[in-house]
Structure formats: C-alpha cells, structure tokens
Amino acid sequence: MKIKFLFIISMLIVMALSACGPAPTPTLTVEDLQGTAAANAWLAVTQTQAALPTATATPVPPTATNTIAPLPTFTFVPTFVPATAVNTESACNQPPPVVSKGTLVPVKFVNVSGGNVNLSFGMNSPNVHGECVTYSYTMGEFDTAVVKVLAGCYWAYAWVDGSSPSTAQTLENLCVSDPNAEPDIVIGTEVIAFK
Numbered sequence: 020m021k022i023k024f025l026f027i028i029s030m031l032i033v034m035a036l037s038a039c040g041p042a043p044t045p046t047l048t049v050e051d052l053q054g055t056a057a058a059n060a061w062l063a064v065t066q067t068q069a070a071l072p073t074a075t076a077t078p079v080p081p082t083a084t085n086t087i088a089p090l091p092t093f094t095f096v097p098t099f100v101p102a103t104a105v106n107t108e109s110a111c112n113q114p115p116p117v118v119s120k121g122t123l124v125p126v127k128f129v130n131v132s133g134g135n136v137n138l139s140f141g142m143n144s145p146n147v148h149g150e151c152v153t154y155s156y157t158m159g160e161f162d163t164a165v166v167k168v169l170a171g172c173y174w175a176y177a178w179v180d181g182s183s184p185s186t187a188q189t190l191e192n193l194c195v196s197d198p199n200a201e202p203d204i205v206i207g208t209e210v211i212a213f214k
C-alpha cells in the first residue's frame, strides 16, 4: 500500500508543477496561415518592384513603319513585232508541257534594265514534236536566272518597272539549240538581245 500511496503523491506533485507552468502557445488557424502566406507573397512582389532600377534614360522614339507602295499601273502601248519574228499561223501562246518531247537547252537571262521585269519568252514556230510554247518569268532589279527552255527560235517582250517604266523587246529572233551552251540574253530598258 505504501507504494500506491507514494505513487499517487508523486502524480499529484507532477500535476501541480505542470499546472504552474507557462501557458501553451496558441496555434494558428488555416485562415490565419493563408492570410500570412498571401501577405508574404505581396511583400516579395513589392520589394522586387522597389529593387528594379528606375527608368532614367529617355525612351527611344518609335521608328517610321514601312508602308506598302501602290503597285505601278501599266498602260498598254500597242507595239508591232516584225512579221519575221512571229509566225501568226501557229498557236504558240501555250504553257510549257510538264514533260517536254523536244530538247531542253539552258538560257541565262540577265536583267540590266534597272527595274523589276515581267518577261514573256515565246517560240516563233513549233518544233519537230509540235510543241510551241511561251514562257513567263518575273525578275527583280539586276537579277539573273538560268532556266531550261525548248530548243528553237524565240521572241521576247518585257515590261520594265523602274524609275522610268518601259517596255523591251527583241529586234531579231533569239535562236537557242545547243544543250551544252548557256547563252546570255540581256534585258535592257528597250531591247532584249544576246550578250
């Protein structure tokens, strides 16, 4: 019994001493924790903005934007090609075939007109396979282009859009037949001819 009595007394002493201790620290509610986290986040944002350097340099003025210039208007000036240059009995104003039967030869067009060029390059008469076509090319200022065309004799006509728009044409037939040669055909402001 003595052991029980000593045990009860010691328990009472422990309880009495713990009752005299400091008050427990209060715990935060979920709402309090959320409010604190939001306040800390806004504090970090504010401090980041405050740490950024101030804009002391003068702002760069905006640059002028490029505007699209209106396309030039072409006036049709009827020109007559000499009768020796065009065979009017054939219908040579056809697009080139996907697979040609005739021999293809390289031709190098050189634009020295000083402007953009819309070029028509057409056969005067059909080849032995009955092919008679007209090619169309667009070239920029001072461009060169190497293309393959059907072997034959051609006329050429170009609309030149430069500082002073003009038309250029052939004065004689341009005959190309050698698949191993690459003749230069020069497009000027008024004349298209071999170099």
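Heads up, the sequence shown is in the working numbering, so the first residue is 20 and it goes up one at a time.
Glycine residues also receive a C-beta, built at the ideal position from the N, C-alpha and C atoms.
The structure displayed is predicted, hence computed values, not measured ones.
Rounding to the nearest angstrom, what Cα-Cα distance links residue i and residue j in this structure?
| i | j | result |
| --- | --- | --- |
| Ala63 | Thr48 | 23 Å |
| Gln53 | Pro45 | 17 Å |
| Ser29 | Thr67 | 59 Å |
| Ser155 | Trp178 | 11 Å |
| Thr157 | Lys127 | 14 Å |
| Ile32 | Leu25 | 11 Å |
| Ser185 | Gly171 | 27 Å |
For the alpha helix (DSSP H) containing residue i, list its first residue and its last residue.
| i | result |
| --- | --- |
| Gln68 | 49-70 |
| Val33 | 21-38 |
Any idea what DSSP makes of residue i, helix, strand or coil?
| i | result |
| --- | --- |
| Thr107 | Its pLDDT being 44, under 50, Thr107 is placed unreliably by the model, and the measurement read from it follows with that caveat. Reduced to three states, the DSSP call for Thr107 is coil. |
| Cys151 | coil |
| Thr46 | coil |
| Val205 | strand |
Would you mind reading off the limits of the beta strand (DSSP E) that contains residue i?
| i | result |
| --- | --- |
| Thr163 | 163-169 |
| Leu216 | Because the chain here runs from 20 to 214, residue 216 falls outside it and cannot be looked at. |
| Gln188 | 185-189 |
Go through its chain and collect everything with a Cβ distance to residue i's Cβ below 6 Å, but skip five positions before and after it.
| i | result |
| --- | --- |
| Leu123 | Lys167 |
Excluding the 5 residues flanking residue i on each side, which residues of the same chain have their C-beta closer than 8 Å to its C-beta?
| i | result |
| --- | --- |
| Ile206 | Phe128, Val129, Asn130, Val131, Ser132, Val136, Leu138, Met158, Ala175, Ala177, Val179, Ala187 |
Measure the beta-carbon distance from residue i to residue j and round it to whole angstroms, keeping in mind my assumption that it falls under 8 Å.
| i | j | result |
| --- | --- | --- |
| Leu190 | Ala164 | About 22 Å; that fails the 8 Å criterion. |
Considering only residues of the same chain and omitting the five flanking positions on each side of residue i, which have a CB-CB separation below 7 Å?
| i | result |
| --- | --- |
| Leu36 | none |
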